[in-house]
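Per this note's numbering, the sequence shown starts with residue 1, numbered consecutively. C-beta: ideal position from N, C-alpha, C; glycine also. Structure first, commentary second.
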Amino acid sequence: DEATDPSISEENWECIQRFCDQVNADVEGPLSALRLLAHKIQSPQEGEALHALTVLETCVNNCGDRFHSEMAKFRFLNELIKVLSPKYYGIWSSEKVKSRVTEVIFSWTVWFPQEVKIQDAYQMLKKQGIVKEDPKLPEDKILPPPSPRPQNSIFDTDEEKSKLLAKLLKSSHPEDLQAANRLIQSVIKE
């Protein structure tokens with residue numbers, strides 16, 4: 001609630017970061033977060049909806065593939081579409097919120113071209129005339145897509161080190177994470 005508090009005009013980045021950390025820490029984090037954010041984005045309070053969209057964008061940038069997988073499902077996309085559609089909340093959603101939701105979905109079509117459901121949802125909005133033209137994304141909203149992972153990891157040649165690294169990275173003990181860091185550095189030096 002702190003991260004989307006409509007009574008605060010500025011984003012609370014500390015709370016937003018804690019929210020992202022919690023999403024990443026919990027197995028059900030992405031699904032739970034998206035349910036909560038969908039509810040907040042649909043809020044009749046413009047400030048709450050806009051803060052929730054900022055939290056959503058921050059999660060997209062910081063919460064990885066599990067989050068991306070959930071946000072690219074129709075279950076969540078439909079909740080965003082409801083904010084735009086006059087059949088649902090589009091009648092009373094503010095223009096600022098609708099514009100921001102459109103920007104978010106459009107940016108995902110650019111950022112995640114492989115996610116067919118996002119592409120389909122956006123094209124449907126255009127076909128129905130809900131989105132008249134592609135938004136011009138603000139320069140600070142255009143983020144480069146994540147760079148593709150190399151086909152062969154430096155750990156592919158040494159299966160034993162690869163398994164050890166995976167085990168160390170899954171640990172919650174700081175000394176194991178430090179050991180993982182040392183292992184990565186030693187392999188890179190090789």
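Assignment of Y122 by DSSP, reduced to helix, strand and coil, places it in the helix class.
Assignment of alpha helix (DSSP H) within the region 47-128, counting only whole runs of 4 or more residues, yields 64-71, 74-84, 95-111 and 116-127 in chain order. The three-state reading of DSSP puts K132 in coil, since its state is none of H, G, I, E or B. Taking the C-beta atoms as reference points, L177 is found nearer than 8 Å to L168. Just measuring C-alpha positions, the residue of L56, K161 and V97 sitting nearest S186 is K161. For a cut-off of 8 Å, the C-beta gap from A121 to L77 is around 4 Å, short enough to register as a contact. Between Q42 and K82, the CB-CB gap stays under 8 Å. For D26, the three-state secondary structure derived from DSSP is coil.
Put simply, the backbone Cα of F67 is about 25 Å away from that of K136. The three-state secondary structure of N181, taken from DSSP, is helix. In terms of Cα proximity to E28, the closest of H39, E70, I130 and V55 is E70.
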